[in-house]
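See below for the structure under consideration.
2 protein chains.
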Amino acid sequence: MATLGDIGVAAAFNILSAFIFFVAFAILRLQPFNDRVYFPKWYLKGLRADPTTPGAFVRKFVNLDYRSYLRFWNWMPDALRMPEPELIDHAGLDSAVYLRIYLIGLKIFVPIAFLAWGVLVPVNWTNSTLEGTKLSNVTSSNIDKLSISNVPLGSQRFWGHIVVAYAFTFWACFVLLKEYEKVASMRLQFVASERRRPDQFTVLVRNVPPDPDESVSELVEHFFLVNHPDHYLTHQVVYNANKIAKLVKKKKSLQNWLVFYKNKYSRNSSKRPFMKTGFLGLWGDKVDAIDHHESEVKKLSEEISAERERIGNNSKSIVPAGFVSFKTRWGAAVCAQTQQCRNPTIWLTEWAPEPRDVYWENLAIPYVSLTVRRLIMGVAFFFLTFFFMIPIAFVQSLASIDGLEKAAPFLKKVVEGGFFKSFVQGFLPGIVLKIFLIFLPTILMIMAKFEGFTSLSSLERRAASRYYIFNFVNVFLGSIIAGSAFEQLDSFMNQSANEIPKTIGVAIPIKATFFITYIMVDGWAGIAGEILMLKPLIIYHLKNFFLVKTEKDREEAMDPGSLGFNTGEPRIQLYFLLGFVYATVTPIILPFIIIFFGLAYVVFRHQIINVYNQEYESAAAFWPDVHGRIVTALVISQVLLIGLLSTKSFAQSTPFLIALPVLTIWFYLFCKGRYEPAFVKYPLQEAMMKDTLERAREPNINLKGYLQSAYIHPVFKASEDNEDEEENDEKWENESVIVPTKRQSRRSTPAPSRVSGASSPSLPDVQEHPQS
Amino acid sequence: MATLGDIGVAAAFNILSAFIFFVAFAILRLQPFNDRVYFPKWYLKGLRADPTTPGAFVRKFVNLDYRSYLRFWNWMPDALRMPEPELIDHAGLDSAVYLRIYLIGLKIFVPIAFLAWGVLVPVNWTNSTLEGTKLSNVTSSNIDKLSISNVPLGSQRFWGHIVVAYAFTFWACFVLLKEYEKVASMRLQFVASERRRPDQFTVLVRNVPPDPDESVSELVEHFFLVNHPDHYLTHQVVYNANKIAKLVKKKKSLQNWLVFYKNKYSRNSSKRPFMKTGFLGLWGDKVDAIDHHESEVKKLSEEISAERERIGNNSKSIVPAGFVSFKTRWGAAVCAQTQQCRNPTIWLTEWAPEPRDVYWENLAIPYVSLTVRRLIMGVAFFFLTFFFMIPIAFVQSLASIDGLEKAAPFLKKVVEGGFFKSFVQGFLPGIVLKIFLIFLPTILMIMAKFEGFTSLSSLERRAASRYYIFNFVNVFLGSIIAGSAFEQLDSFMNQSANEIPKTIGVAIPIKATFFITYIMVDGWAGIAGEILMLKPLIIYHLKNFFLVKTEKDREEAMDPGSLGFNTGEPRIQLYFLLGFVYATVTPIILPFIIIFFGLAYVVFRHQIINVYNQEYESAAAFWPDVHGRIVTALVISQVLLIGLLSTKSFAQSTPFLIALPVLTIWFYLFCKGRYEPAFVKYPLQEAMMKDTLERAREPNINLKGYLQSAYIHPVFKASEDNEDEEENDEKWENESVIVPTKRQSRRSTPAPSRVSGASSPSLPDVQEHPQS
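One line per chain: the protein sequences are U and Z, in this order.
At position 398 of the first sequence the residue is numbered 398 (UniProt numbering), and the sequence of numbers has no breaks.
At position 630 of the second sequence the residue is numbered 630 (UniProt numbering), and the sequence of numbers has no breaks.
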């Protein structure tokens with residue numbers, strides 16, 4: 001076991017690294033040539049331009065004003081100053097609500113910490129169990145004196161812990177309830193107060209059934225004209241643009257190289273740059289790099305336009321999905337919430353995500369394939385989660401030096417050195433875990449993509465919940481059981497599954513110090529490192545040097561990044577879990593967690609205001625997940641407390657404690673019924689209100705023109721220059737239409753579909769190749 | 001353990017009682033004076049009248065035609081003869097689909113039985129494990145020779161069981177999939193082909209928020225006029241008629257007594273009947289019974305009409321719920337499937353149940369109260385389930401005579417008698433369980449009512465799923481573990497929760513004989529007793545003698561009963577569970593189960609055709625539950641097989657078997673996504689199709705008149721004679737309405753609400769007391 005001294009060393013080390021990161025950040029951000037790295041959000045919003053101080057040339061790169069260095073902590077109050085409504089306006093509701101997760105952490109744990117230190121620490125401290133057992137072979141430290149381990153078996157003092165556990169639960173549920181209410185009303189207000197957005201009128205329809213007589217476009221149109229006659233406005237088909245997207249990406253990269261060589265040539269115009277055409281430029285024919293790239297780019301451009309034409313002409317490149325727009329929000333709300341067809345696996349409708357939120361690759365997956373994919377990914381995730389534990393367990397057990405010494409006595413000399421020992425025990429376990437976890441989010445995102453979610457936000461939510469489960473099994477349980485398994489091998493062997501709460505419960509107090517160091521590494525130094533943005537800084541300067549020629553290039557060289565819900569949120573959740581579990585057991589951990597929440601809140605508020613660029617806006621659709629996981633952590637902590645107390649010869653507490661998880665789960669169900677609909681449905685009353693208001697304000701709005709090309713695959717959007725499709729829209733909205741058809745049985749009436757002519761797919765470049 | 005001989009005695013006994021029941025039924029049903037007991041369905045349909053053979057007086061009561069007795073088995077082919085479409089027409093879709101559950105049992109288990117007897121029985125039989133162990137203290141019988149117990153530990157023969165388990169699972173899933181598909185399409189066809197029904201146009205709205213300025217009726221009208229302007233047609237408020245319903249019930253009972261005394265007087269007119277007014281007529285003043293009852297009935301009639309008036313005048317007797325009708329099925333489908341209001345706990349809409357399916361008492365329960373009630377009932381059900389086990393376990397353990405002898409050697413003399421022993425072991429355990437279970441459904445129905453479901457069908461579904469869980473824990477697990485606990489006390493003590501599959505798995509083969517006798521008692525003799533209808537027979541004749549004066553009285557004396565989904569379905573599910581669990585373990589049980597399914601199918605088909613009167617028609621809404629429970633049984637059987645095999649020194653099979661529950665659960669989820677929406681939603685396409693058809697066929701239909709009084713509490717319906725509310729409906733449907741309001745802010749425009757005047761609550765008797 002680590003002693004207080006070990007923790008002190010680790011704390012000093014982590015505080016020092018956090019401090020170094022902050023100082024480095026404070027200096028770097030003041031340099032004008034880093035401006036685009038540390039304030040990209042403002043550039044993207046067009047509110048900040050490159051510093052054009054007229055002074056000396058050096059001033060353009062280095063800040064020589066010593067006064068600004070004196071105020072280098074100022075970013076913290078600056079970050080806190082912006083009020084929430086302005087923040088929502090500036091960075092979107094998602095970001096603002098994301099920050100509230102940290103605030104909840106503070107709201108829950110600050111009072112809990114006071115209560116725990118006021119009640120539990122004295123209760124634990126005034127025993128002498130551990131002093132008695134110190135002589136035996138159980139290792140303990142003075143931190144354990146503050147923990148529940150110090151209370152003797154069967155002591156009546158455990159009633160204190162039970163009462164406090166109730167208080168914690170009620171307080172946490174109270175905060176969660178208030179917060180859910182607040183976020184739900186923020187979401188509704190945000191959606192209501194918002195300006196018109198295409199996704200308010202649009203529904204994504206998937207699994208359009210194949211039809212021998214009609215194209216997808218005609219089929220969609222006819223179906224919705226028949227079944228939503230008063231509300232259907234227009235629709236857009238989805239093209240399978242995966243190939244063209246690949247080509248565009250390749251062209252982009254080649255253009256970058258072209259710019260690179262041109263820059264090189266312009267700097268040193270004596271020598272034309274040459275390159276080899278083979279793999280990585282290592283072998284092959286030697287050619288003039290600029291000419292080669294120019295011809296390659298030209299070839300690709302031709303390929304792209306050929307592919308574009310092919311997509312336009314070939315009806316097979318239209319996937320069986322589409323975006324259907326309605327005349328009113330009411331109509332869209334109705335269509336999104338109802339079942340369209342007898343067969344519930346075709347004509348699936350759901351709210352269309354924001355245009356930038358759409359994950360285009362997944363729109364075409366048929367229903368049966370989706371369910372099979374879910375099964376496969378479920379099984380794959382199970383294996384990923386449980387077989388990943390083996391290496392972690394091994395490294396973790398090494399990190400427990402006492403165990404290591406016992407296992408390999410010949411290492412004793414090496415590790416016995418005081419500082420080295422503290423270093424290994426205080427720092428290494430956290431780092432090991434961290435490295436393991438760096439590659440995980442990418443894998444989980446790929447898995448979520450394979451499962452067929454249709455929006456980036458849902459992909460991230462899925463990846464986040466998987467990441468949370470992974471964290472729980474591997475970081476939390478893995479650290480507790482595996483580490484302890486090395487120490488308590490005898491007592492762990494041959495134990496059965498229902499003993500798990502007991503087994504973990506017993507191990508929890510022992511692993512408190514490990515988690516304290518983990519919090520310091522990941523939660524203190526890690527968060528401080530976040531603000532330094534080392535990777536974007538380096539990449540920006542490399543790009544700036546090699547690739548940037550115009551202002552637009554510089555714009556593209558910025559990499560503001562985004563919030564990363566799929567990695568960030570499960571990470572916070574781990575702190576909630578630790579906080580709840582240790583609140584009753586080893587309350588000394590709470591201040592460390594509170595510092596994490598406070599620090600992270602400031603840092604991420606700064607990042608959101610100045611750096612991150614939102615990828616999408618889901619209007620806080622992730623909140624039910626966040627709420628659910630915090631409640632899960634609460635329930636886990638309660639079950640573990642039951643397990644722990646039943647090993648303390650205090651099993652008579654179980655009937656008193658079993659009510660806690662029951663009530664908490666009921667609380668979860670209550671909140672789910674009460675608030676979750678605000679996040680998945682769109683009340684008709686709201687829709688009707690907005691429609692009525694809008695009709696009164698702008699009676700002549702050309703809605704069809706507005707919606708016609710809202711959902712176009714980004715690769716087509718880039719070349720969206722000839723917008724000639726906005727014709728005869730005005731009369732459209734109020735005329736009643738006769739549904740034309742092309743079915744075999746009516747082939748005798750071959751009049752071309754007037755309606756489908758008007759609303760045929762609006763891919764700009766293929767307008768001259770009508771499909772029918 | 002029971003031997004083959006014991007089972008033979010039990011089988012003979014049960015077959016004999018079943019035979020006696022059938023013969024008694026065959027004789028009784030031919031007697032004309034029992035006609036209304038055994039063919040009430042036909043009377044209710046008006047297709048059969050009292051036999052009026054002109055012959056001798058005795059012929060009216062006793063059938064003297066000897067030829068009809070010769071054909072007394074004929075009811076069986078008769079029952080099978082009616083084709084399914086005619087059955088649906090005759091008795092409703094619920095009944096027809098309910099019968100399919102028995103058919104599924106046959107479809108699943110007949111092939112499985114052949115496979116099991118062809119493969120597993122030889123595999124098990126050709127071992128000699130049990131002969132070797134017979135000398136030790138393990139008791140076994142020759143039935144066990146056919147079961148998995150006879151295969152030696154670690155034998156490679158278990159691969160046979162694993163392969164067969166896969167075959168069983170795939171076959172069962174295949175049958176279930178086909179059946180789900182069939183039932184879903186039957187339901188949709190039923191709904192589509194049906195004539196117009198009020199519930200197709202109507203939505204039940206609950207939790208109407210209180211409003212200081214407007215009555216519930218006005219509030220509902222305004223809300224739906226605003227939010228469904230093109231579709232809203234009319235609405236009906238719900239009166240709190242609990243008190244009046246009680247009064248009507250009391251009056252009915254008094255009238256019965258009045259008739260009783262009048263009959264008595266008319267038979268013996270020399271003496272006026274007297275009665276005492278005190279408790280149960282035991283003491284108090286002696287009064288003339290006829291006069292007394294006449295005055296009481298009159299008093300009650302006055303009270304009822306006063307109460308009726310009070311309800312009409314008092315706005316507080318209107319509960320915050322209502323039935324809202326729409327002009328089209330499309331409008332109703334939209335409203336039922338969408339969220340209406342920001343706050344998802346008010347303005348809750350759902351499909352209105354059929355008028356006769358509504359459970360009126362529960363319409364007014366507010367949302368928060370509902371969630372609390374669910375919690376309370378959840379906890380109560382937990383206690384009911386787990387504390388009920390104690391008495392069962394005790395009686396069960398007595399029924400195992402071998403165990404009893406060991407426990408109380410002094411009883412040896414008493415129970416050693418051959419036939420007595422067989423009787424006790426073969427018959428008693430089943431009877432004990434049966435008595436325990438008779439009172440349960442009533443309790444579960446009361447619990448479901450307390451939970452606040454709004455239709456009889458959902459009440460029954462809820463009670464059924466609770467009953468199933470109860471059966472599983474107490475009948476299935478309770479019998480297996482408790483019975484075994486007496487025999488294997490040593491091995492059972494101190495075992496942990498994850499050992500449960502093993503523990504049960506081990507006990508399963510041992511309890512095979514118990515379940516065989518249970519099947520014979522409950523499934524053979526019990527089903528045969530069902531057809532005899534002893535209770536309705538006796539009650540009918542009592543009523544007929546004492547109360548019946550007119551033809552209408554005789555009509556009311558009939559008690560056809562109904563299918564009783566809440567008790568019948570869980571009972572069938574127990575057989576599915578036993579079948580799946582024992583199919584791989586002790587296949588000898590399968591023929592007994594198949595006989596049950598066959599017999600029950602014939603008996604219930606007869607009952608449905610001739611006896612039961614449908615209480616409601618839910619269009620087979622219960623099918624997802626049935627399907628889910630059969631799949632649950634399948635998963636349980638797979639888990640138990642894993643447990644059993646891991647105790648057979650064959651734990652290497654676990655990886656091969658673990659895929660089975662995973663695939664089965666996936667199959668369940670697939671079916672849920674694929675077919676369940678057909679049972680909970682109403683596709684807009686269907687609605688639109690029916691609307692269009694209907695508009696073409698009957699363009700001038702007075703829909704409002706049709707819907708105006710569809711949802712009236714049955715106590716008001718009785719006196720529905722003055723139907724004067726059908727006025728100015730014609731012009732209603734096509735005029736556009738301006739929404740009137742009575743809010744404070746507009747008090748300066750006091751014109752009475754024209755619309756609410758027209759559609760004010762349509763309680764017939766209070767028409768002359770308008771509310772506004």
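Backbone N, C-alpha and C fix where the C-beta goes; we use that ideal spot for every residue, glycine too.
Is there a C-beta anywhere in chain U that falls below 8 Å from the one on residue i?
i	result
residue 200 of chain Z	no
residue 669 of chain Z	yes
Could you name the residues of chain Z that residue i contacts, counting a contact when the two beta carbons are closer than 9 Å?
i	result
residue 188 of chain U	342
residue 337 of chain U	334, 337, 338, 339
Mind listing the chain U neighbours of residue i? Cutoff is C-beta to C-beta under 9 Å, in chain order.
i	result
residue 812 of chain Z	This structure leaves residue 812 of chain Z out entirely; chain Z is present only between 1 and 772.
Can the beta-carbon of residue i be found less than 8 Å from the beta-carbon of residue j?
i	j	result
residue 261 of chain U	residue 290 of chain U	yes
residue 207 of chain Z	residue 347 of chain Z	yes
residue 657 of chain Z	residue 165 of chain Z	yes
residue 539 of chain Z	residue 503 of chain Z	no
What in chain Z is Cβ-close to residue i, meaning under 8 Å?
i	result
residue 345 of chain U	673, 674
In its own chain, which residues sit with a C-beta less than 8 Å from the C-beta of residue i, not counting the 5 before and 5 after it?
i	result
residue 707 of chain U	198, 201, 202, 233, 234, 325
residue 531 of chain Z	21, 22, 25, 603, 606, 607
Leaving aside the five residues before and after residue i along the sequence, list all residues of the same chain whose C-beta is less than 6 Å from its C-beta, in chain order.
i	result
residue 351 of chain Z	336
residue 108 of chain U	172, 175
residue 471 of chain Z	570, 574
residue 102 of chain U	597, 600, 601
residue 529 of chain Z	21
residue 616 of chain Z	354, 356, 357, 456, 457
residue 18 of chain Z	524, 525, 528
Whose C-beta lies closer than 7 Å to the C-beta of residue i among residues of the same chain, with five residues either side of it excluded?
i	result
residue 345 of chain Z	207, 367
residue 288 of chain U	272, 274
So, does the CB of residue i fall closer than 8 Å to a CB anywhere in chain C?
i	result
residue 288 of chain U	No chain C is part of this structure, whose protein chains are labelled U and Z.
Contact list for the region 672-704 of chain Z against chain U, Cβ threshold 7 Å: 673, 674, 677, 678, 681, 683, 684, 685, 686, 688
Quick one, which residues of the region 221-236 of chain Z are near chain U if we go by CB-CB under 7 Å, in chain order? 226, 227, 230
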